[in-house]
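In mature numbering (1 follows the signal peptide of the UniProt record, and there is no 0), the protein residues as written are -31 to -1, 1 to 424.
Even glycine gets a Cβ: it sits at the ideal position worked out from N, Cα and C.
Inspection log for the structure reproduced underneath, given as C-alpha cells.
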Amino acid sequence: MIRSDYRRRGHHLLALLAIAVILLLPTATVTVEDTDSSSIISRFQEYLRINTAHPGPNYNEAADFIASQAKSLSLDFQILEFVKGKPLVLLKWAGKNPALPSVLLNSHTDVVPAEPHKWDHPPFQAHIDPSSGHIYARGSQDMKCVGLQYLEAIRKLQASGFRPLRTVYLSFVPDEEIGGNDGVGKFANSEIFKNMNVAIILDEGLASPADNYRVFYAERCPWWLVIKATGAPGHGAKLYDNTAMENLLKSIESVRRFRAVQFDMVKAGLKAEGEVISVNMVFLKAGTPSPTGFVMNLQPSEAQAGFDIRVPPTADVASLERRIGEEWAPATRNMTFEFKQRASTYDKFGKPILTAFDGSNPWWALLEDAIKNASGKLGKPEIFPASTDARYFRELGLPAIGFSPMANTPILLHDHNEFLSKNEYLRGIDIYESIIKAYASYAEPVKDEASRAEL
Ligand SMILES: [Zn+2]
C-alpha cells in the first residue's frame, strides 16, 4: 500500500499567496545568504546530525528535513511509503518540456552504524576541525554529501535564473545499506517510477585519494555460495577416504588458488579491483559439539563453508559456474552447493548489466564535459567493487552512473572517523551545478525503453 501525500497542498490560501509571490519575484525565492558557504555547510551538518544508522534509522526526521529543503526550493515533493516506516522522498523540478525523458538524481538516507568510542569526534555531531576543515560524521562520504550537493546545486542554478528543459527528479531512498529491497527495489519497479519516464540516473560512487574523481559504469554482482560436504563419520584415529572434512578441505584449497590468481592480477596492476572475481570465505561450520567445545575423537559426517563471491558483469559466468560444479563442490566428492544469493550479471533484456561509456550513451559524454567545464578531472571508468542501488536501475536497462565528487579524500565509507573536507564538499556542489545544468538542458531525444528492447 502506497501512501502518497502531497504535503505542499495543505493550505489553499497559503499556496495562492506563495504562487503570487513566485509570480512577482521569479528568482527571489533563493537569497544570497542561502547560497553562501556557511549556510551551505550548516545545512549539511543538520542533515548529518540526523541519526539514520541501522538498526532503527530515524527515517522520518530525515524525510522531514528533505521535505523542508524541497519547500525552500519550491520543488514539488511527495513522501512515498512502499513499506511502512520506510519513507522515500521524491522531489521534482519540473522541466519546460515535460515530454522529454527525465533525469533522476538518487541518494540514500540511511547510513551504516558507527562505534562512537572509536571515533575522535561523535559520529552524529558533524564536528568541523577548525584547522583542516574536515567534517566528521557517519554519512559524510556515504552518502548524505551527495544528496545535499544535488539540492545545493539546484539552489545555485535557481539563483542564477536557470530553468531546466527536462524534468529533474531527486529520490532520497531508505535501506540501501541493507540491500535496498524495500527502498529502490520497490521504487524502480513501481508505476510511479514508470510514469517518471527516466532517461538517466546518477547514484553514488567512491572517494578518490588522488586529484581525479572516480566514476562507475557497473558493479560486481554478489553470489553468496554455501558448499556442503558429507561423508561417513568415523573414529578420530582412523585414516580413510571421503570424509566430509577432507572433501571440504580439498575444495577450500581449490578456492584459495583461484582467489590468489585473481588477487595477483590486481596486485600486478593488470586489472582493477572491480574487474576481477573476488572470493572470500566467510564461514566454516563443522564438528560435533560437546559440553566443553567439540568432540575430539570423532570425524563429523557434515562440513560446510560459505563464500562471498563478487562477479563483474564482464566475467565469463559459464566458466565460473563450471568451476563451482566441477572443482569447488563436485558430486564426485559427495558435495553439494547452494546460493544464498545470486545476483544476475544480465539486465532484463539479457544484456550484461552495465552502462555504456562509449558514443552510444550521450549522458556519458555530457558528464565528462560538464566535469571538465567545472575544472574537475575524471578518472578511467570503473566497476564498483561492491553493490549500490544503481543495480536496480541498470536491471531495467536504464543507464546509471556512479559518481560522488570527492577528490583528494581518503576512502572512509563504513570506517571510523569518516569525514569530508568543507572545500571538497563545496567544490562538489559546483561540479553538480555543471552536470545538472548540462543534463537538464540536453535537448536530443533519447531512445525509449521499447526501442532499446528491440535492439
Ligand atoms: Zn552508500
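With a threshold of 7 angstroms, the Cβ atom of E145 counts as near ligand 1, since some heavy atom of the ligand is closer than that. For F362, the enclosing alpha helix (DSSP H) has its first and last residue at 359 to 364. The alpha-carbon of N158 is positioned some 37 angstroms away from that of K391. In chain order, A407, Y408, Y411 place their CB closer than 7 angstroms to the CB of L335, counting only its own chain and leaving out the 5 sequence neighbours on each side. For the segment 174 to 244, the full-length beta strand (DSSP E) segments reaching 3 residues or more read 184 to 188, 190 to 199 along the chain. With contacts defined as CB atoms closer than 8 angstroms, E215 and D358 fail to qualify as a contacting pair. Contact check for Q268 and K254: beta-carbon distance about 15 angstroms, past the 8 angstroms limit, so the pair fails to qualify. Below 8 angstroms, enough C-beta pairs join the segment 139 to 154 and the segment 71 to 86 to call them touching: three or more. Less than 8 angstroms separates the beta-carbon of S247 from that of Q231. Secondary structure at A369: strand, using DSSP grouped into helix, strand and coil. Distance from the CA of A300 to the CA of H23, rounded to the nearest whole angstrom, comes to 41 angstroms. Excluding sequence positions up to five before and after K87, its CB lies within less than 7 angstroms of the CB of H385, all in the same chain and listed in chain order. By the Cβ neighbour-count rule, F326 is buried, with 16 or more other Cβ atoms within 10 Å of its own. Contact annotation: the segment 78 to 97 touches the segment 374 to 389, with at least three C-beta pairs closer than 8 angstroms. Per DSSP, reduced to three states, the secondary structure at A106 is coil, with no helix or strand assignment. Counting C-beta atoms within 10 angstroms of its own C-beta, L239 has fewer than 16 neighbours from the protein chains shown and is therefore classed as exposed.
DSSP, reduced to helix, strand and coil, places F388 within a strand of the structure shown. Nearest to L175 by alpha-carbon distance, out of R228, S356, Y361, is S356. Relative to ligand 1, E173 has its C-beta within less than 7 angstroms of a heavy atom. In terms of CA proximity to N377, S177 leads the group H204, K236, S177, P202. For N75, the enclosing beta strand (DSSP E) starts and ends at 71 to 77.
Taking a C-beta distance under 8 angstroms as the contact criterion, E364 and F185 do not qualify as a contact pair.
Apart from the 5 residues on each side of it in sequence, Q14 sits with its Cβ closer than 6 angstroms to the Cβ of A95 in its chain, given in chain order. Between the alpha carbons of N211 and T199 lies a gap of roughly 8 angstroms. In the DSSP secondary-structure assignment, K254 is bridged to Q273. Nearest in C-alpha terms to N266, of all of A229, K207, E222, is K207. DSSP lists K197 as the bridge partner or partners of T305.
Following the DSSP letters along the chain, one finds A168 in no alpha helix (DSSP H) but inside the beta strand (DSSP E) bounded by residues 167 to 172. Short of 8 angstroms from the beta carbon of F353, and not among the five residues preceding or following it, lie these beta carbons of its own chain, in chain order: G174, L175, F185, A187, E188, R189, G243, A359, G371. Excluding the 5 residues flanking it on each side, A39 has same chain C-beta neighbours closer than 6 angstroms at F46, L60, in chain order. In terms of Cβ geometry, I398 and K113 do not form a close pair [threshold 8 angstroms]. Inter-segment contact for the segment 291 to 308 and the segment 340 to 347 is absent: fewer than three beta-carbon pairs are separated by less than 8 angstroms. Within the segment 20 to 90, complete alpha helix (DSSP H) segments of at least 4 residues are found at 28 to 41, given in chain order.
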